[in-house]
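In what follows, a single structure is set out as structure tokens and then discussed.
2 protein chains.
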Amino acid sequence: MTLRHAVLVALLGTEAAGYQLVKAFDVSVANFWASSPQQIYAELPKLEARGLIAGREVVQTNRPNKRVYTLTKAGRDEISNFIATASKPSIIRDDLVVKVFTTGDDARDDAQIASELDQRATECQARADLFTQILRSMLGDRTELEYLQNEQRIGPYLTCRRGQLFEQDNARYSRWTAEAIRARLRGQTIPGIPLSDPRSSISEATPLPNVTSHG
Amino acid sequence: MTLRHAVLVALLGTEAAGYQLVKAFDVSVANFWASSPQQIYAELPKLEARGLIAGREVVQTNRPNKRVYTLTKAGRDEISNFIATASKPSIIRDDLVVKVFTTGDDARDDAQIASELDQRATECQARADLFTQILRSMLGDRTELEYLQNEQRIGPYLTCRRGQLFEQDNARYSRWTAEAIRARLRGQTIPGIPLSDPRSSISEATPLPNVTSHG
DNA sequence: TTCGTCATGTAATGCGTTACATGATTAA
DNA sequence: TTAATCATGTAACGCATTACATGACGAA
Numbered sequence: 471m472t473l474r475h476a477v478l479v480a481l482l483g484t485e486a487a488g489y490q491l492v493k494a495f496d497v498s499v500a501n502f503w504a505s506s507p508q509q510i511y512a513e514l515p516k517l518e519a520r521g522l523i524a525g526r527e528v529v530q531t532n533r534p535n536k537r538v539y540t541l542t543k544a545g546r547d548e549i550s551n552f553i554a555t556a557s558k559p560s561i562i563r564d565d566l567v568v569k570v571f572t573t574g575d576d577a578r579d580d581a582q583i584a585s586e587l588d589q590r591a592t593e594c595q596a597r598a599d600l601f602t603q604i605l606r607s608m609l610g611d612r613t614e615l616e617y618l619q620n621e622q623r624i625g626p627y628l629t630c631r632r633g634q635l636f637e638q639d640n641a642r643y644s645r646w647t648a649e650a651i652r653a654r655l656r657g658q659t660i661p662g663i664p665l666s667d668p669r670s671s672i673s674e675a676t677p678l679p680n681v682t683s684h685g
Numbered sequence: 471m472t473l474r475h476a477v478l479v480a481l482l483g484t485e486a487a488g489y490q491l492v493k494a495f496d497v498s499v500a501n502f503w504a505s506s507p508q509q510i511y512a513e514l515p516k517l518e519a520r521g522l523i524a525g526r527e528v529v530q531t532n533r534p535n536k537r538v539y540t541l542t543k544a545g546r547d548e549i550s551n552f553i554a555t556a557s558k559p560s561i562i563r564d565d566l567v568v569k570v571f572t573t574g575d576d577a578r579d580d581a582q583i584a585s586e587l588d589q590r591a592t593e594c595q596a597r598a599d600l601f602t603q604i605l606r607s608m609l610g611d612r613t614e615l616e617y618l619q620n621e622q623r624i625g626p627y628l629t630c631r632r633g634q635l636f637e638q639d640n641a642r643y644s645r646w647t648a649e650a651i652r653a654r655l656r657g658q659t660i661p662g663i664p665l666s667d668p669r670s671s672i673s674e675a676t677p678l679p680n681v682t683s684h685g
């Protein structure tokens, strides 16, 4: 039951209509809680019925009218409550990795999988680059350190960073795996991938990449 | 509708009972398709009814009897079919990152979140280490390169690698974020985290870590 | 004698996905 | 005139989660 909480936190510090939330989910909340427009639209009346958000009609000319929602006190309490409850482990759902699991069973399937991995790598890299842009525009002319020290709501920055990291990681894995599968299909050595790098764990050695330098 | 496919691929090359599948999901399939025991048990009769798997009773003494399932020809075709269909983007669901999104709204909540991040980092690292062990036992005395060249079914290795990478990445993110939040709460600089590292993108510079060296 | 493992479920409820539906405005 | 954006849904179905349930064996 966390779509509820995902919607509530999206309303922290800003009122928004359903359509705006749908758009906001695309670039921020989707990084940790992917949801379809239908789900979001369906959730809003439920939250309002429970008194966690309050909606009001906004009449527009040249545009359809819309219903704009704000967090209530009860909604804020629900968020704090949620934060006080133990988190469940993260879960991934990935069709493509289900396919990777079959690798070695059928050569034609393997070729298909490798080409889908290439495509996935490109998509992930594109999304990662988008996140890098968003992060840099959040920073303005400040360094990340300055931003994290001075900005009051750093949450959106930190979660966008999560999305960036996930996409980069996914792109990296997809490229590596595509090469491994294809090299086998050719019966050749795996080119251009330093599999024998002496580092055993990325976790201690590698800092998070910098957003400020480069594009 | 991919739990179906996750179960089918788990039966590639080996017959298994429900209980065994539940256990297998824990350490391998869960890395890309997390599912509860109840879901798996419920899925098996459905797959059998569709003719994608065949079950037979195995009578045991000293143990409850069990029903063991094998892929049918139709099941294999269903897998190939699935592979030929375009994959959906990966999705993450992560409670804790929903909480991170709120950071900056309430200091007490922030402290709570930072401490949950510490815990998460530890759990992820433990799981990553477990995967490293599993990977090394798959390799035996071969290098990864040798393994990928010579073993016929490399799928389970590649997906375990995915799990390892995800857990390491998640641990790294959790540590970094916990520090960022806590440093702000103290009003201090962020210690020990090289935020200003000149590398802009992890994806091109960093190879996948090696499994063979270290423990 | 208590816990963990083996072995398998049911039932209720709620969440999520897919397909379908509408209708105006504005930019290419 | 075609597509994209704004704005919001309904309906059907199937998937997922939570709680509950059973019962024997073996190890500590």
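The listed protein sequences correspond, in order, to chains A and B. Just add 470 to the spot in the first sequence (first one is 1) and you have this note's numbering. Just add 470 to the spot in the second sequence (first one is 1) and you have this note's numbering. No residue lacks a Cβ here, since even glycine has one placed at the ideal position from N, Cα and C. Just so you know, these numbers come straight off a predicted model, no measurement behind them.
Paired residues, beta bridge with residue i - DSSP
| i | result |
| --- | --- |
| G525 (chain A) | A:Y539 |
| W503 (chain B) | A:R563 |
CB contact flag (residue i, residue j, <7 Å)
| i | j | result |
| --- | --- | --- |
| A650 (chain B) | L618 (chain A) | yes |
| L605 (chain A) | T647 (chain B) | no |
| E637 (chain A) | R597 (chain A) | yes |
| A591 (chain B) | A641 (chain B) | yes |
| E485 (chain A) | L522 (chain A) | no |
| F502 (chain B) | I561 (chain A) | no |
| V538 (chain A) | A487 (chain A) | yes |
| D565 (chain A) | K558 (chain B) | yes |
| S644 (chain A) | L587 (chain A) | yes |
| V568 (chain B) | A476 (chain A) | yes |
| S550 (chain A) | D639 (chain B) | no |
| K536 (chain B) | V528 (chain B) | yes |
Closest residue to residue i among the options (Cα-Cα distance)
| i | options | result |
| --- | --- | --- |
| G545 (chain A) | A:L482, A:L566, A:I604 and A:S560 | A:L482 |
| Q508 (chain A) | A:L473, A:L609 and A:A556 | A:L473 |
| I624 (chain A) | A:S498, A:S585 and A:R652 | A:S498 |
| A584 (chain B) | A:E586, A:I553, A:D564 and A:K569 | A:I553 |
| L655 (chain B) | B:Q634, B:V568, B:Q582 and B:A500 | B:Q582 |
| L615 (chain A) | B:K543, B:L600 and B:G657 | B:G657 |
| R526 (chain A) | A:L514, A:R533 and A:N532 | A:L514 |
| Q589 (chain B) | A:A556, A:Q634, A:Q595 and A:P534 | A:A556 |
| D575 (chain A) | B:C630, B:Q622 and B:Q490 | B:Q622 |
| R520 (chain A) | A:K543, A:F571, A:A494 and A:F601 | A:K543 |
| C630 (chain A) | B:A500, B:T573 and B:Q490 | B:T573 |
| F601 (chain A) | A:A577, A:F571 and A:R632 | A:R632 |
| A653 (chain A) | A:A577, A:D599, A:Q595 and A:S506 | A:A577 |
| Y489 (chain A) | A:A524, A:N620, A:I510 and A:S607 | A:I510 |
| D599 (chain A) | A:L635, A:S505 and A:E518 | A:L635 |
| S607 (chain A) | A:R533, A:V570 and A:P626 | A:P626 |
| S505 (chain B) | B:A524, B:Q530 and B:M471 | B:M471 |
Three-state secondary structure (DSSP) of residue i
| i | result |
| --- | --- |
| R520 (chain A) | coil |
| A486 (chain A) | strand |
| I583 (chain B) | helix |
| R533 (chain A) | coil |
| R623 (chain A) | coil |
| R652 (chain A) | helix |
| S670 (chain B) | Its pLDDT being 36, under 50, S670 (chain B) is placed unreliably by the model, and nothing is read from it. |
| D576 (chain B) | coil |
| H475 (chain A) | helix |
| R612 (chain A) | coil |
| F552 (chain B) | helix |
| S498 (chain B) | coil |
| L481 (chain B) | coil |
| S738 (chain A) | Residue numbering for chain A in the displayed model covers 471 to 685; residue 738 (chain A) lies beyond these limits and cannot be assessed. |
| G417 (chain A) | Coverage of chain A is limited to positions 471 through 685, which leaves residue 417 (chain A) absent and any answer about it impossible. |
| K493 (chain A) | helix |
| S557 (chain A) | coil |
| F571 (chain B) | coil |
| I663 (chain A) | Its pLDDT being 42, under 50, I663 (chain A) is placed unreliably in this model, and the value from its coordinates should be taken loosely. Coil, per DSSP. |
Subject >> Under 9 Å (Cβ pairs) to chain B, residues found in the stretch 488-522 of chain A >> reply: S498, V499, A500, N501, F502, W503 and A504
**OP:** Please name the residues in the stretch 560-574 of chain A whose beta-carbon is closer than 7 Å to at least one beta-carbon of chain B, in chain order.
**Re:** S560, I561, I562, R563, D564, D565, L566, V567, V568, K569, V570, F571, T572, T573 and G574
Original post:
For the stretch 625-644 of chain B, which residues have a CB atom closer than 8 Å to at least one CB atom of chain A, in sequence order?
Top reply: G625, P626, L628, T629, R631, R632, L635, F636, Q638, D639, N640, A641, R642 and Y643
Original post:
Closer than 9 Å, Cβ to any Cβ of chain B: which residues of the stretch 549-560 of chain A, in chain order?
Top reply: I549, S550, F552, I553, A554, T555, A556, S557, K558, P559 and S560
**OP:** Give the residues from the stretch 584-597 of chain A that approach chain B closer than 8 Å (Cβ to any Cβ), ordered along the chain.
**Re:** E586, R590, E593 and Q595
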